[in-house]
Amino acid sequence: MLKSELEAEKLEEKAKSALKSKNFQEAISNYQEAKEIYISLGYRGKIKYIEKQLAQIQRAWEYENKKAGKGNTTLIKSEQSIPKASGIEPSLKTYKNENQRTSSVPLGNRGQSESIATSHRYDNPKRTKKSYLQPHSKKIGSINKFISNSELQRAKLRENIKLSEQQAEEERLRNEKIRMRETQKQKQVEEEQRQKQESMEKQKSVETLKNKADWFLEQGKIAIKYHKYKDARAHYKGAINIFKNLGWFEEVGVLYKEIKNIENYELEFLKKEKAEERRKKASEEQFQKRVEGILQEKTSSKLLELAQRHKIKPQDKRILNKIKLIKEKASKEIEIGKYSRAFARYNYILELLGTLSIEESVINQETHLINKKISELESKM
Numbered sequence: 059m060l061k062s063e064l065e066a067e068k069l070e071e072k073a074k075s076a077l078k079s080k081n082f083q084e085a086i087s088n089y090q091e092a093k094e095i096y097i098s099l100g101y102r103g104k105i106k107y108i109e110k111q112l113a114q115i116q117r118a119w120e121y122e123n124k125k126a127g128k129g130n131t132t133l134i135k136s137e138q139s140i141p142k143a144s145g146i147e148p149s150l151k152t153y154k155n156e157n158q159r160t161s162s163v164p165l166g167n168r169g170q171s172e173s174i175a176t177s178h179r180y181d182n183p184k185r186t187k188k189s190y191l192q193p194h195s196k197k198i199g200s201i202n203k204f205i206s207n208s209e210l211q212r213a214k215l216r217e218n219i220k221l222s223e224q225q226a227e228e229e230r231l232r233n234e235k236i237r238m239r240e241t242q243k244q245k246q247v248e249e250e251q252r253q254k255q256e257s258m259e260k261q262k263s264v265e266t267l268k269n270k271a272d273w274f275l276e277q278g279k280i281a282i283k284y285h286k287y288k289d290a291r292a293h294y295k296g297a298i299n300i301f302k303n304l305g306w307f308e309e310v311g312v313l314y315k316e317i318k319n320i321e322n323y324e325l326e327f328l329k330k331e332k333a334e335e336r337r338k339k340a341s342e343e344q345f346q347k348r349v350e351g352i353l354q355e356k357t358s359s360k361l362l363e364l365a366q367r368h369k370i371k372p373q374d375k376r377i378l379n380k381i382k383l384i385k386e387k388a389s390k391e392i393e394i395g396k397y398s399r400a401f402a403r404y405n406y407i408l409e410l411l412g413t414l415s416i417e418e419s420v421i422n423q424e425t426h427l428i429n430k431k432i433s434e435l436e437s438k439m
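My numbering applies: residue 59 is where the sequence shown begins, and numbers increase by one.
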């Protein structure tokens with residue numbers, strides 16, 4: 059409720075209180091101030107009600123003044139004076155004139171005058187006492203009629219005031235219902251806006267958490283691809299915690315099953331890895347045996363050749379054959395991308411070359427070639 063509206067209602071209460079104590083001027087003043095407020099607010103119902111009240115108060119005030127003998131007084135310029143009651147004033151005037159004629163006789167001659175008046179009244183045999191009292195009875199009847207009409211007017215005025223108050227109360231209740239509906243509607247709109255804002259914020263939070271969970275799942279898949287199963291389980295557990303916070307327990311169940319699958323993947327991978335290690339070890343052993351056989355065979359043939367030529371010592375011949383076999387193994391390892399092992403073999407060849415007692419030029423040439431190979435491997439590692 060607006061402040062100005064509260065002030066108008068207070069002015070109405072003051073006007074009603076003043077009306078009960080018949081303080082018409084104060085009542086009209088308060089009603090007029092309230093009317094101006096309602097005009098500014100555009101409350102047509104209230105304006106109409108106050109105009110009716112002002113009209114009734116004007117009539118009541120004029121009646122009270124007339125009753126007290128003060129004549130008509132208009133408080134509201136827009137209201138017209140109440141017309142005089144017909145048939146009442148002539149009777150009162152006649153009664154007043156007769157009293158004046160009686161009082162105009164001198165006091166000393168009043169007895170004589172009264173006797174003369176009495177003799178005149180009874181000189182006419184047709185004018186009896188009854189006929190003489192008839193005008194006086196008519197005056198009393200007129201006065202009683204005036205009093206009855208006054209009571210009727212007051213009753214009608216009270217009824218109109220009561221009806222106006224009822225109408226004003228109904229108008230107030232209607233306005234109150236309208237204000238309540240508007241307030242309720244405003245609260246409903248505010249509640250809808252609040253719920254919408256909360257829903258948007260919740261949706262934004264859910265979207266953020268979902269993106270984070272998707273990141274965990276993606277990292278888990280990458281870890282599985284590179285056989286990093288421990289990291290994969292950690293990423294999946296991170297996604298599980300997020301889904302629990304979101305209440306997505308169906309996704310949680312799926313991820314727990316996926317973690318069990320990761321454990322199975324890891325066991326299978328370990329089995330394959332061990333089998334591969336065993337295979338490689340067996341292959342290495344077989345290759346080593348074959349190399350040793352070749353070395354023995356080549357050593358024997360070289361010894362025979364050296365023995366025939368008598369140029370290189372047997373010890374140097376064995377070292378040279380060994381260097382040749384190591385070169386072959388290093389070349390194969392380079393082909394399959396095992397650069398670190400090939401790098402180690404070429405360094406070992408350098409050590410073996412340092413133990414030879416053959417011509418220095420031959421050793422230097424071979425050392426240069428080996429160093430070149432080592433440099434190439436370093437760029438690839």
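Using N, Cα and C, we set each Cβ at its ideal position, and we do this for glycine too.
Alpha-carbon spacing of Glu221 relative to Glu234, whole angstroms: The displayed chain sequence assigns Leu, not Glu, to residue 221. C-alpha separation (whole angstroms): 20 Å.
Nearest-angstrom Cβ-Cβ length linking Phe274 and Tyr294, presumed shorter than 8 Å: With a Cβ gap of about 7 Å, Phe274 and Tyr294 count as contacting.
Alpha helix (DSSP H) segment containing Gly296, residue limits: Tyr287 to Leu304
Gly278 burial status per 10 Å Cβ neighbour count (16 or more: buried): A buried status is given to Gly278, since no fewer than 16 other beta-carbon atoms sit within 10 Å of its beta-carbon.
Segment contact flag, the region 429-438 with the region 404-420, C-beta cutoff 8 Å, min 3 pairs: yes
For Thr425 and Glu436, the rounded distance between their alpha carbons: 17 Å
Neighbourhood of Ile219 by C-beta distance below 7 Å, restricted to the same chain and skipping five residues each side: Gln114
For Leu267 and Leu325, believed in contact at Cβ under 8 Å, the rounded distance: Rounded, the Cβ-Cβ distance is 32 Å, inconsistent with contact.
Range covered by the alpha helix (DSSP H) that runs through Ser415: Per DSSP, Ser415 belongs to no alpha helix (DSSP H) and is neither H nor E.
Neighbour-count burial assignment, Phe401, 16 or more Cβ in a 10 Å radius: Under this definition Phe401 is a buried residue.
Cβ pair Lys93, Lys110 closer than 9 Å: no
Unbroken stretches of the alpha helix (DSSP H), 4 residues or longer, contained in the region 77-123: 82-99
DSSP state of Gly278 mapped onto helix, strand, coil: helix
Three-state secondary structure (DSSP) of Gly395: coil
Cβ pair Ile86, Leu112 closer than 9 Å: yes
Contacting residues, own chain, Cβ-Cβ under 6 Å from Ala73 (five flanking each side not counted): Ala85, Asn88 and Tyr89
Proximity to Ala226 [Cα-Cα], best of Glu71, Ser62 and Glu65: Glu71
C-alpha distance - Glu256 paired with Lys245, whole-angstrom precision: 16 Å
Residue nearest to Asn299 in terms of C-alpha spacing, selected from Ala118, Leu313, Asp374 and Lys288: Leu313
Separation of Tyr284 from Ser398, as counted between CA atoms: 21 Å
Distance, Glu335 Cα to Lys385 Cα: Straight-line Cα distance between these residues: approximately 24 Å.
Proximity below 9 Å, CB of Glu67 to CB of Arg230: Yes. Within cutoff.
Rounded straight-line distance, which links the Cα of Gln224 to that of Leu215: 14 Å
Cβ-based neighbour list, Ser263, same chain, cut-off 7 Å, excluding 5 preceding and 5 following: none
Buried versus exposed, by CB contacts within 10 Å (16 or more), Arg252: Classification for Arg252: exposed.
Environment of Phe327 [buried if 16+ CB atoms lie within 10 Å]: exposed
Cutoff 6 Å; reference Leu69; Cβ partners in own chain excluding five residues on either side: Asn88, Glu91 and Ala92
Ile449, buried or exposed, once every other Cβ within 10 Å from all chains shown has been counted against 16: Since the displayed the chain opens at 59 and closes at 439, residue 449 lies outside it and no answer follows.
C-alpha gap between Ser139 and Arg239, whole angstroms: With a pLDDT of only 34 at Ser139, under 50, the local geometry of the prediction cannot be trusted, and the value read off the model is given with reservation. Answer to the nearest angstrom: the Cα atoms are 44 Å apart.
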